[in-house]
Amino acid sequence: MIYLDHAATVSLCPEALEAMLPFLTEQYGNPSALYESGRRARQALAGARNSLAETLGCLPEELYFTSGGTEANNWALLAMAEAARERGDKPFLIATEIEHHAVLETLRYGKQAGLLDYALLPVSREGRTDLTAAEALLEKRPALVSCMGANNETGTLQPLRELLATCRERNIPLHSDLVQVYGQLPLGELLGEELPDLFSVSAHKFGGPKGVGFLYIRRGLKVGALLHGGAQERGRRAGTENVAGIVGMAAAAQAAHAALTKRGEKKRRLSELFFALLREGIPGLRQNGSAVKRLPGHLNLCFPGISAELLLILLDQAGIAASAGAACASGALEPSHVLLAMGCSEREARSSLRFSFGWENTEEEVREAAAIVIDRANKLKEDAAP
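Under our numbering, think of the first position of the sequence shown as 2, with each following residue one higher.
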């Protein structure tokens, strides 16, 4: 199989597996226990927290372990709405139209449950957040603004540095879903020297295990507990910690950050080669999203006149893994909300596929995959011709 869906997930890196194995076998103690195996597990958690904080330049106590990005997003949005209610303020939140479903569905749930109200910011044809519209909505004094770092479908980078500065001027907290960015791109390129007030990360996007992530909460920010029970995560997220997963996440993060530049350059080179080959062989092919301000390994391509669903099936049969959009929505028949928000027609959205490259991919794989995509796409176009 030629795997070109690294935006959905990547393989567990060797460093993560090696770090996890002891805690999946002989070191199985509960971190809350007072005896030796419990102390070792607790020390491992502290070490992982310190290691992750090192990659971010933040305080270890600002990181709270979760089951992944979805949980972290839910926590950030609902807790900030609750904090606004407790202050007597209106729980009004702002997000962008192209957020991951983990953000959008949380907002919809919150509104239906009477917990919050919200508004969505439009994006440009390139998929970048409209900062003018953001400034206008900020006059409503929202309890939180949520803007992802890079879109999971198009890879388009968002103007986080500018938005963060605007929010700081007004003392409005900013949350960012950085699931697609952390471990893929130096955060300084996107944010400058400051971190958002809250941000979400998921380990399986950068070589860690599935089912683990973290939420960064700036020190001093009032954020209520996610889960109630024990005193884990300083009383904010009860439940026995996933020690092996957390240790693996930290090891994967260190490995990813040690090779950020090298891996990023390779992924960009491979994605550019792939796109160049496809443009030569498929008339009318075009890229969705920014060609410049994007993650190095992401390509979202529109194949005019071709059903993306049918093309995806043919590619799967040929041993190529790609995606028609967000992994968690891959079974849905609805067109991408991201592409529609960018101004694409429903037909264009249904003719678009995402290819995302990893540092393990080779030039030979890219050339082979491009030849297969060209062949299958042109055959579908011929079959559809009157």
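Glycine is no exception: its CB is placed at the ideal position from the N, C-alpha and C atoms.
First and last residue of the alpha helix (DSSP H) that includes SER38?
Here the question's residue 38 lines up with position 37 in the sequence shown. Here the alpha helix (DSSP H) through SER38 covers 37 to 57.
Status (buried if at least 16 other CB within 10 Å, exposed otherwise) for TYR4
Counted from its first residue, the sequence shown places residue 4 at position 3. Classification of TYR4: buried, given that the 10 Å Cβ count is 16 or more.
Whole-angstrom C-beta distance between HIS299 and SER352, which should lie under 8 Å
Position 351 of the sequence shown, counting from 1, holds the residue named residue 352. Position 298 of the sequence shown, counting from 1, holds the residue named residue 299. Not quite, the Cβ-Cβ distance comes to about 18 Å (not below 8 Å), so this is no contact.
Does DSSP put SER203 in a helix, a strand or coil?
Your numbering for residue 203 matches position 202 in the sequence shown. Three-state DSSP puts SER203 in a strand.
Just verifying my parser: in three-state terms, what is the DSSP assignment at ALA226?
Position 225 of the sequence shown, counted from the start, is the residue given in the question as residue 226. Looking at ALA226 - three-state DSSP - the assignment turns out to be coil, as it is neither helix nor strand.
Got a sec, what are the start and stop residues for the beta strand (DSSP E) CYS303 sits in?
Counting from 1 along the sequence shown, the entry for residue 303 is found at position 302. It spans 299 to 303 - the beta strand (DSSP E) in which CYS303 sits, taken as one unbroken run.
Figure out for me which residue from CYS303, ALA204, PRO15 and LEU274 has the closest Cα to the Cα of GLU369.
Stepping through the sequence shown from its first residue, residue 369 is reached at position 368. For GLU369, the nearest C-alpha among the options comes from LEU274.
Proximal residues to ILE283 (C-beta, below 7 Å), its chain only, five neighbours per side dropped:
Here residue 283 refers to the residue found at position 282 when the sequence shown is read from its first residue. If we look at ILE283 and ignore the five residues flanking it on each side, its Cβ neighbours are PHE304, ILE375, ALA378 and ASN379.
Does DSSP classify ASP376 as helix, strand or coil?
Reading the sequence shown from its first residue, position 375 is the one you call residue 376. Three-state DSSP puts ASP376 in a helix.
Buried or exposed for GLU19, going by 16 or more other Cβ atoms inside 10 Å?
Indexing the sequence shown from 1 puts residue 19 at position 18. Under this definition GLU19 is an exposed residue.
For my contact list, PRO61 and LEU46 are in at a C-beta cut-off of 8 Å; report their separation, rounded to the angstrom.
Residue 61 sits at position 60 when you count from the first residue of the sequence shown. Residue 46 sits at position 45 when you count from the first residue of the sequence shown. Actually they are not in contact, since the Cβ atoms of PRO61 and LEU46 sit about 10 Å apart, beyond 8 Å.
Tell me whether SER346 is buried or exposed, calling it buried when 16 or more other Cβ atoms sit within 10 Å of its Cβ.
Along the sequence shown, read from residue 1 onward, the residue named residue 346 stands at position 345. Result: exposed.
Going by C-alpha distance, which of ALA251, MET250 and LEU228 is nearest GLY240?
Within the sequence shown, residue 240 is the residue found at index 239, counting from 1. Of ALA251, MET250 and LEU228, the residue nearest in Cα terms is LEU228.
Grouping DSSP H, G and I as helix and E and B as strand, with all else coil, what is SER12?
Walking along the sequence shown from the start, residue 12 turns up at place 11. Of the three classes helix, strand and coil, the one that applies to SER12 here is coil, per DSSP.
What are the boundary residues of the beta strand (DSSP E) that PHE358 is part of?
Here residue 358 refers to the residue found at position 357 of the sequence shown. That residue, PHE358, is in no beta strand (DSSP E); it is neither H nor E in DSSP.
CB contact flag (ALA257, GLY208, <9 Å)
Within the sequence shown, residue 257 is the residue found at index 256, counting from 1. Within the sequence shown, residue 208 is the residue found at index 207, counting from 1. Yes, these two residues count as a Cβ contact at 9 Å.
In three-state DSSP terms, what is LEU164?
For this step, residue 164 is matched to residue 163 along the sequence shown. Of the three classes helix, strand and coil, the one that applies to LEU164 here is helix, per DSSP.
Let's test the definition: count the other Cβ atoms within 10 Å of the Cβ of GLY70 and tell me whether it reaches 16, buried, or not, exposed.
The count along the sequence shown starts at 1 and reaches residue 70 at position 69. Counting Cβ neighbours within 10 Å, GLY70 comes out buried, since at least 16 surround it.
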